[in-house]
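Keeping their order, the protein sequence lines are chains G and D.
The first sequence begins at 10 in this note's numbering and counts up one residue at a time.
The second sequence begins at 6 in this note's numbering and counts up one residue at a time.
The beta carbon of each residue, even a glycine, is placed where N, CA and C say it ideally should be.
Worksheet: the structure to be examined is printed underneath.
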Amino acid sequence: MQAKLIDAALALPDHRVSPRGARVAVAAWDQDVITLGAHAAMEVLSRHPDVVPSTIFFASTTAPYAEGSNVAILAEALNLAGTGCTGFEVGSTTAAGAAAIELALDRVARGPVLVIAADCGRSAGGRPFGDGAVAWLIGSQGECAQIDAVSGDLSWFMDRWRIDGSGDITQSDRSLRAVSPGKSFAKSVGADLHIDDANPAIAGAGYLGTAAYLASVVLAFEGKRKGTRLTASASAGGASHALHLTAGSAAKHVAARFRERFDCGFDEEPTAAPDVASFDPYTSESRRWRERAADLRLEASRDTSGRVVYPPATDGERVGLARSGKVFTQTTDHVYPLGGPVSMAVIELDGGGRFYGQVIDGLGVEIGEPVNLVMRRLHMGGGVPQYFWKIAPKGRT
Amino acid sequence: MPVSGEVAIVGAGVTPFGVLHELSYLDLIARSANAAVSDAGINMDLVEAAWLGTAEPLTAGLVGDSGAAVAQAIDFSPRPVTRVSNFCTSGMEAVRAGAMAIAAGEHDVVLAIGAEKMRDVTPRGSLVAKTAEQTHPTLAKGRTAPGQFALLANRYLHTYGASKEDLALVAVKNHGNANRNPKAHFHHDLTVDDVLSAPRVAEPLGLYDCTPTTDGGASVVMASREWAEANARRFALIEGMGLAVTGGYYSNFFDGESDYLGFESTRAAAAKAYEQAGITNPRQELDVLECHDCFTITEIVNTEDLGIAAPGKGVELLKSGATSFGGDIPVNLSGGLQACGHPVGATGVRMIAEIFNQVTGEAGERQVQGARRGLAHTLGGPGVIASVIVLGSPGD
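What follows is the structure, given as structure tokens:
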């Protein structure tokens, strides 16, 4: 059975900083691997409504839950929960993105596989590495690329590491790189492209952790015609994986879309997180579970007159709120006690109904302005991240 | 029998409104209830039942969550007392409940009490904190009361081309009015410049566009028309009474129907009250109004929703002077929520007391000469609940 890359999507935060000259994408305070990963996955799935994944692999070293579940939140957001879709999480090495693709090849006989690789908040010495997420949709048919596993290897090697619970990444003596088993692995498989913890930083985004491999492979097809072959390896923490890929007809288009997104963004520091130390919002796990469809994918209902009702009524056909619309009215609120001033708006949604909530980063909006809804981490309630939707002005994500 | 024309207000008592550190929640109940009974010229023994309107007991939690507060505050045991709560219409709900009990023939004389103790904490520790921390964890997070009415203000300004200066005229008028009301929270004149240069609260609303956070209590004694005719020193009859509840707290914001130019709840409640009172032209047939000016924009849209001005013509009406003291349809001569403040449960009862005083000729310095019929209106939550009561002097 051959595995094909059907399509891929990239989610990068809007903000770019340049701590050492090169632009690095940094997440806003209310973004994390779940929100970025969900956006990359929603984009790729929206282009292929007929492809329903039967497996999700989620690769990250910076997922919010060390114990709990990250992939189940993504499945809910993507409306794949309860469909028999299974999920796996891989982590502890930034080579996990490549590992997830290797695993996907073993699962693809059962049906389409969605691989989401995301990292957020990695830094060394307070210097951000780069935040972002990539989603690959893999199946038995696809126009982007053909994928075959080449090999993998393990050899304990500490190039960079982070002990659970600590913030910054520790880097080993750089001279050790000369004996890196990843390098010799790459050489042994004849890799055209090798991703490790020192290489490469993607122009416009930085080093994207587990997402770096998935992003770099797509970018390697920039301007390449169908049939171009690529061997790409990844190593980190002594874990190595290599894939052999052959470009399909869509490869260069997907690559161009990635490049465009790496090149945009806003050269501004993200807004500071509001002081949440004393914020102790009402929370309920029962409520969070019961209303997960309304929270995570804005599930609404339609009454007998055709009116869209949110939060959904007890009865009535279930419909999803549209994620785009126009500002109906707005205000900038200076007295809301958490952060602020808070920009609030009522959105007239394209598919009917309205959304009322916060505009990201306190950005002002005008009546009539087109906007999108984006998933964000609203706050930590009861020590648990609470995901919901905010309003993004056009050009923001 | 119906309420209309059969239920009377026979006495009223209102505490000073303000930051009342020396008075507790129970003091506010006791002072206003005793004053109302004394104004009615009766003894408390004669009062058969009471309703207590409190929206949010805050530091008086548990105590103010039920009618037990009244039994503790005044000598009332073992008579029935029920606490009612319906957002900012809570006070008028106490009046409405009392009116229905009298109309049902169950009681002859009852008390409607409204009380709210908001300033045991700072304004930001009051309802603002509740909005942020104690409500639904995702829906409308970031909402505050001024932020919600600011949505209306911006849509109104956008649609009708009105300005912040126009909104400011409401604050200027009502603060001026409060100088004739010794019980108001504020007694100082404002200029349009004062309003515009005040700290911003929620654009386009500044500090003086907003009602302050205030303590207060208000009570009225209510009786059957029959009892009033035989015993009352003075009385006004409830000619019409409407309560409309048009949507849910959060669902309202997500509802594609709302035009953010006014409130369907007010229009529906007014229609009911006008029908009962036989009013077809409110501008001509009412002499005085107290309406829910929680924010400057709210008074403007209220006058439209109550049929005093045509849609989009609220600013024109305001600028004409018709709603000012001496105008043909004065609005919020008490100073309104703008300058009296808004102790939530007390507000509706204070308004009923105000209109009662006006139509019985006892409104003192702010008396509208010859006032025979007036209206009180409160608006609750995100504007989904409105209560309208029309009071008239008997014999019209």
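For the candidate residues the options, whose alpha-carbon lies nearest to that of residue i?
i: Phe230 of chain G; options: G:Ser249, G:Ala207, G:Asp201 and G:Ala260; result: G:Ala260
i: Ala381 of chain D; options: D:Cys93, D:His141 and D:Gly400; result: D:Cys93
i: Gly390 of chain G; options: D:Ala137, D:Ala54, D:Gly66 and D:Val100; result: D:Ala137
i: Phe22 of chain D; options: D:Asp310, D:Phe191 and D:Phe258; result: D:Phe191
i: Ala331 of chain G; options: G:Thr313, G:Gly360 and G:Ala303; result: G:Gly360
i: Ala20 of chain G; options: G:Ser27, G:Pro28, G:Ala37 and G:Leu14; result: G:Ala37
i: Cys94 of chain G; options: G:Val117, G:Ser101 and G:Pro73; result: G:Val117
i: Ile279 of chain D; options: D:Ile313, D:Gly252, D:Thr301 and D:Tyr255; result: The amino acid at residue 279 of chain D is misidentified as Ile; the sequence shows Tyr. Among D:Ile313, D:Gly252, D:Thr301 and D:Tyr255, the Cα nearest to that of Tyr279 of chain D is on D:Ile313.
i: Gly350 of chain D; options: D:Gly10, D:Arg88 and D:Gln77; result: D:Arg88
i: Glu111 of chain D; options: D:Pro142, D:Val12 and D:Asn48; result: D:Val12
i: Trp56 of chain D; options: D:Glu244, D:Pro85 and D:Gly16; result: D:Pro85
i: Leu291 of chain D; options: D:Val373, D:Gly261, D:Arg355 and D:Gly222; result: D:Val373
i: Thr338 of chain G; options: G:Ser193, G:Phe364 and G:Leu87; result: G:Phe364
i: Pro128 of chain D; options: D:Thr219, D:Ile79 and D:Arg148; result: D:Thr219
i: Thr292 of chain G; options: D:Leu144, D:Ser202 and D:Gly58; result: D:Leu144
i: Arg25 of chain G; options: G:Val143, G:Asn381, G:Gly215 and G:Leu387; result: G:Gly215
i: Ala368 of chain D; options: D:Glu27, D:Leu174, D:Arg239 and D:Val52; result: D:Arg239
Tell me, please, which residues DSSP counts as bridged to residue i.
i: Ile14 of chain D; result: D:Met227 and D:Ala241
i: Cys215 of chain D; result: D:Phe300
i: Ser392 of chain D; result: D:Leu248 and D:Thr383
i: Gln155 of chain G; result: G:Lys13 and G:Thr255
i: Phe275 of chain G; result: G:His24
i: Lys399 of chain G; result: G:Val383
i: Leu352 of chain D; result: It is worth fixing the name first, because residue 352 of chain D is Thr in this sequence and not Leu. Per DSSP, none; premise fails for Thr352 of chain D.
i: Ile356 of chain G; result: G:Val336 and G:Phe364
i: Trp56 of chain D; result: D:Thr87 and D:Ala117
i: Phe66 of chain G; result: G:Phe97 and G:Val124
i: Val33 of chain G; result: G:Val26
i: Cys93 of chain D; result: D:Asn91
i: Ala242 of chain G; result: Rather than Ala, the amino acid found at residue 242 of chain G in this sequence is Ser. BP columns for Ser242 of chain G point to G:His203 and G:Ala251.
i: Gly397 of chain D; result: D:Leu242 and D:Arg378
i: Thr179 of chain G; result: G:Trp170
i: Val328 of chain G; result: G:Ala309
i: Pro137 of chain G; result: G:Ser132
i: Trp145 of chain G; result: G:Ala17 and G:Val124
i: Arg268 of chain G; result: None, per the DSSP bridge assignment.
How close, in whole Å, do the beta carbons of residue i and residue j come, if the pair is a contact with beta carbons under 8 Å?
i: Ala228 of chain D; j: Val114 of chain D; result: 5 Å
i: Pro387 of chain D; j: Phe258 of chain D; result: 7 Å
i: Thr271 of chain D; j: Asp310 of chain D; result: 4 Å
i: Phe275 of chain G; j: Asp59 of chain G; result: Not really, about 35 Å apart at Cβ, beyond 8 Å.
i: Thr328 of chain D; j: Thr308 of chain D; result: 7 Å
i: Val159 of chain G; j: Ala17 of chain G; result: Their Cβ separation, rounded to whole angstroms, is 20 Å, which puts Val159 of chain G and Ala17 of chain G out of contact at 8 Å.
i: Leu396 of chain D; j: Glu244 of chain D; result: 7 Å
Whose Cβ in chain D lies nearer than 9 Å to the Cβ of residue i?
i: Thr341 of chain G; result: Gly152, Ala155, Arg205, Ala207 and Glu208
i: Gln155 of chain G; result: Going along chain D, no residue has its Cβ under 9 Å from Gln155 of chain G, so there is no contact; the nearest lies around 43 Å.
What residues of chain D sit near residue i, judged by a beta carbon separation below 8 Å?
i: Glu357 of chain G; result: Gly261
i: Val344 of chain G; result: Arg129, Val133, Thr149, Pro151, Gly152, Val206 and Ala207
i: Gln395 of chain G; result: Pro142 and Thr143
i: Leu387 of chain G; result: Pro142, Thr143 and Lys146
i: Asp304 of chain G; result: Thr143
i: Gly390 of chain G; result: Pro142
Kindly list, in the order they appear in chain D, the residues whose Cβ is closer than 7 Å to that of residue i.
i: Tyr74 of chain G; result: The premise fails here: Tyr74 of chain G is roughly 18 Å from chain D at the closest Cβ pair, so nothing lies under 7 Å.
i: Thr338 of chain G; result: Leu156, Asn159, Arg160 and Tyr265
i: Val351 of chain G; result: Gly147
Name the chain G residues that come within less than 8 Å of residue i, Cβ to Cβ?
i: Thr140 of chain D; result: Tyr291
Just the chain G side, please: which residues come within less than 7 Å of residue i by C-beta, in chain order?
i: Leu144 of chain D; result: Pro320
i: His163 of chain D; result: Ile376
Please list the partners that residue i has in chain G, where partner means a Cβ-to-Cβ separation under 9 Å.
i: Ala137 of chain D; result: Phe288, Pro290, Tyr345, Pro346 and Leu347
At a cut-off of 7 Å, would you count residue i as near the ligand PLP, judging by its Cβ distance to the nearest heavy atom?
i: Glu138 of chain D; result: Annotation note on the ligand PLP: not contained in the displayed structure, which lists no ligands.
For residue i, would you say it is in contact with chain C, using Cβ-to-Cβ distances shorter than 8 Å as the test?
i: Arg327 of chain G; result: The question asks about chain C, but that chain is absent: this structure's protein chains are G and D.
Name, going along the chain, the residues of the region 256-271 of chain D whose beta-carbon falls closer than 7 Å to a beta-carbon of chain G.
Per Cβ criterion, the list reads Ser256, Phe258, Phe259, Asp260, Gly261 and Tyr265.
Give, in chain order, every residue of the region 308-325 of chain G whose Cβ lies closer than 9 Å to some Cβ of chain D.
Cβ contacts with chain D come from Ala309, Arg316, Val317, Val318, Tyr319, Pro320 and Ala322.
Residues of the region 358-378 of chain G in Cβ contact with chain D at a cutoff of 7 Å, in chain order, please.
Listed by position, the residues of the region 358-378 of chain G near chain D (Cβ gap below 7 Å) are Gly361, Gly362, Arg363, Phe364, Tyr365, Gly366, Gln367 and Ile376.
Of all the residues that make up the region 277-296 of chain D, which are near chain G by a beta-carbon distance shorter than 7 Å?
Considering only beta carbons, no part of the region 277-296 of chain D lies closer than 7 Å to chain G.
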